[in-house]
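Here the structure comes first, spelled out in structure tokens, and everything after it is commentary.
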Amino acid sequence: MKYPYLYCDIDGTLADKSVISQENGAALAKYRQAGGKLGLATGRVELITESYAKQLAVDLPCILYNGAAVYDFSRHTFLHTETVDTADVLAMMELGMGAYPQVSVEICPGGPTVLANPNGVEDEFITREQQPFVYGRAEDCERIIKLMFYGEPQQLKQVEAAILPAFGEKYRILFSQPVYLEVLPKAAGKESALAWISQNLHLPLEQICAMGDFDNDVGMISLAGLGAAPADAPERVKEKADFISDAHDCHAAVRLVEYLMELE
């Protein structure tokens, strides 16, 4: 098999409205039965990625927190993490809530998400997926792997404008979806996590296929031996891909796996 390792984004790539179709699941099972190994590359945390990992029987360590962590679901352990400084998180929270008082401030320390703005809007993903969370303070977290702001896209752009001047050089500040503005350690990213996996787990990059649909996936699909994107990804993302599959809501993994099998 030319590409025996496959990393896929979840939301907007494998999943439509948080659900991975039976067709996608069957295609990925076929890929694994042919000798391929599968991993996930997502902005999600381990507690809300685990059900997908079980559903798809992933057998590679997964890229979580948009690349700020590599997690082994078979051993339930972090293999690698990057962190954000707590004092900086507090400063960014102040700036962000000053620009958008109702923004949902979500701190990811490993484990349940910490909601740090008691006046924040309700995160529909947390509610719909029954994601585990607690209310708390940044200064009480042992570590912070990433910081997220959730809310209306136009108002999140005001949050971005408020924090970029002071922290844009020190951290990666990006939209993973129009409703999520994320702050990641400078060294973090799906591409840097993929490079770490390649180096430390001895998976040649030229043998890895990666598929994703948004700006936070561009580095990963550019670095992989074969980069893929769904047909409904933004043009700026598809321009970086080597292969364009079907749209995410038309079972993008099916056509990708067919293509990978054709390359054998």
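Be aware that the sequence shown starts at -18, since it is given in our numbering, and climbs by one per residue. Even glycine gets a Cβ: it sits at the ideal position worked out from N, Cα and C.
Given 8 Å, three or more beta-carbon pairs between the region -17 to -5 and the region 184 to 198: yes
Short of 6 Å in beta carbon distance, which residues of its chain neighbour SER(-1), apart from the five on each side in sequence? Order them along the chain. Mapped onto the sequence shown, residue -1 falls at position 18. Within the same chain, SER(-1) has close Cβ partners GLU110.
Fully enclosed by the region 5 to 38, which beta strand (DSSP E) runs are 3 residues long or longer? 18 to 21
So, ALA222 versus GLY208, is the Cβ gap smaller than 7 Å? In the sequence shown, counting from the first residue as 1, residue 222 sits at position 241. In the sequence shown, counting from the first residue as 1, residue 208 sits at position 227. Taking 7 Å as the Cβ cut-off, ALA222 and GLY208 qualify as a contacting pair.
Can you find at least 3 beta carbon pairs, one from the region 49 to 59 and one from the region 96 to 105, that sit closer than 8 Å? no
Starting from LEU145, trace the alpha helix (DSSP H) in both directions and tell me its first and last residue. Here residue 145 refers to the residue found at position 164 when the sequence shown is read from its first residue. Taken as a continuous stretch (DSSP letters only), the alpha helix (DSSP H) holding LEU145 covers 134 to 148.
What ranges does the beta strand (DSSP E) occupy inside the region 96 to 139, keeping only unbroken runs of at least 3 residues that lie completely in it? Those beta strand (DSSP E) runs which fall completely within the region 96 to 139 and span 3+ residues are 114 to 116 and 127 to 131.
So for LEU186, helix, strand or coil by DSSP? For the purposes of this step, residue 186 is taken as residue 205 along the sequence shown, with counting starting at 1. Helix.
Using beta-carbon positions only, say whether THR104 and TYR131 come within less than 7 Å of one another. In the sequence shown, the residue the question calls residue 104 occupies position 123. In the sequence shown, the residue the question calls residue 131 occupies position 150. Residue identity differs from the one stated: residue 104 is Asp in this sequence, not Thr. It is a contact, given that the beta carbons lie within the stated cut-off.
Nearest by alpha-carbon distance to LEU244: which of SER2, ALA15, ALA38 and ASN5 is it? Here residue 244 is taken as the residue at index 263 of the sequence shown, counted from 1. It is ALA15 whose Cα lies nearest to the Cα of LEU244.
Could you tell me whether the Cβ atoms of VAL39 and LEU19 are closer together than 7 Å? For the purposes of this step, residue 39 is identified with residue 58 of the sequence shown, where counting begins at 1. For the purposes of this step, residue 19 is identified with residue 38 of the sequence shown, where counting begins at 1. Cβ distance < 7 Å, so VAL39 and LEU19 count as in contact.
Sequence-distant residues of its chain with Cβ nearer than 8 Å to ARG13 (five each side left out): Walking along the sequence shown from the start, residue 13 turns up at place 32. Closer than 8 Å at Cβ, skipping near neighbours: LEU19, ALA38 and ASP40.
Assign ALA64 to buried or exposed, taking buried as 16 or more other Cβ atoms, counted over all protein chains shown, within 10 Å of its Cβ. As a first step, residue 64 is located in the sequence shown; it is residue number 83 there, counting from the start. Just to set this straight, residue 64 is Thr in the shown sequence, not Ala. Classification for THR64: buried.
Among the residues of its own chain, which have a CB less than 8 Å from the CB of LYS151, if the five just before and after it don't count? Translated into the one-based positions of the sequence shown, residue 151 becomes position 170. ASP69 and LYS167, listed in sequence order.
Within its chain, find whatever has a CB closer than 8 Å to the CB of VAL218; leave out the 5 residues flanking it on each side and keep chain order. As a position in the sequence shown, residue 218 is number 237, starting the count at 1. Closer than 8 Å at Cβ, skipping near neighbours: GLY193, ASP194, PHE195, ASP196, ASP198, VAL199, ILE202 and ALA210.
Rank TYR46, GLU4, PRO113 and SER2 by C-alpha distance to the C-alpha of SER173 and give the top, closest one. Residue 173 sits at position 192 when you count from the first residue of the sequence shown. Nearest C-alpha to SER173: TYR46.
Can you give me the start and stop residues for the beta strand (DSSP E) that GLY208 sits inside? Indexing the sequence shown from 1 puts residue 208 at position 227. Element bounds for GLY208: 207 to 210.
By Cβ distance, which residues of its chain are closer than 8 Å to TYR(-16), with the 5 residues on each side in sequence left out? Taking the sequence shown and counting its residues from 1, one reaches residue -16 at position 3. Cβ within range, chain order: GLY17, GLN188, ILE189, CYS190, GLY206, LEU207, LEU241 and LEU244.
Please report the residue range of the alpha helix (DSSP H) in which TYR240 lies. As a first step, residue 240 must be located in the sequence shown, where it is residue number 259. First-last of the alpha helix (DSSP H) with TYR240: 233 to 243.
With three or more beta-carbon pairs closer than 8 Å as the criterion, would you say the region 157 to 165 touches the region 125 to 145? Contact between the region 157 to 165 and the region 125 to 145 is present, because at least three Cβ pairs lie under 8 Å.
Can you tell me whether GLU123 is buried or exposed? The criterion is at least 16 other CB atoms within 10 Å of its CB, across all chains shown. Position 142 of the sequence shown, counted from the first residue, corresponds to residue 123. With fewer than 16 Cβ atoms within 10 Å of its Cβ, GLU123 is classed as exposed.
Among the candidates ILE144, PHE114 and GLN83, whose CA atom is the shortest distance from the CA of GLU133? Numbered from 1 along the sequence shown, position 152 holds the residue referred to as residue 133. Selected option, being the one with the closest Cα: GLN83.
Out of curiosity, what's the CA-to-CA distance linking PRO215 and LEU21? Within the sequence shown, the letter at position 234 stands for residue 215. Within the sequence shown, the letter at position 40 stands for residue 21. When rounded, the distance between both Cα atoms is 21 Å.
So, are the CB atoms of VAL235 and ALA8 less than 7 Å apart? Locating residue 235 in the sequence shown gives position 254, where the first residue counts as 1. Locating residue 8 in the sequence shown gives position 27, where the first residue counts as 1. Yes, these two residues count as a Cβ contact at 7 Å.
Pair within 7 Å by beta-carbon distance, ILE29 and GLN158: As a position in the sequence shown, residue 29 is number 48, starting the count at 1. As a position in the sequence shown, residue 158 is number 177, starting the count at 1. Not in contact: ILE29 and GLN158 (Cβ atoms no closer than 7 Å).
Helix, strand or coil at GLU216 [DSSP, three-state]: Walking along the sequence shown from the start, residue 216 turns up at place 235. Correct three-state label for GLU216: helix.
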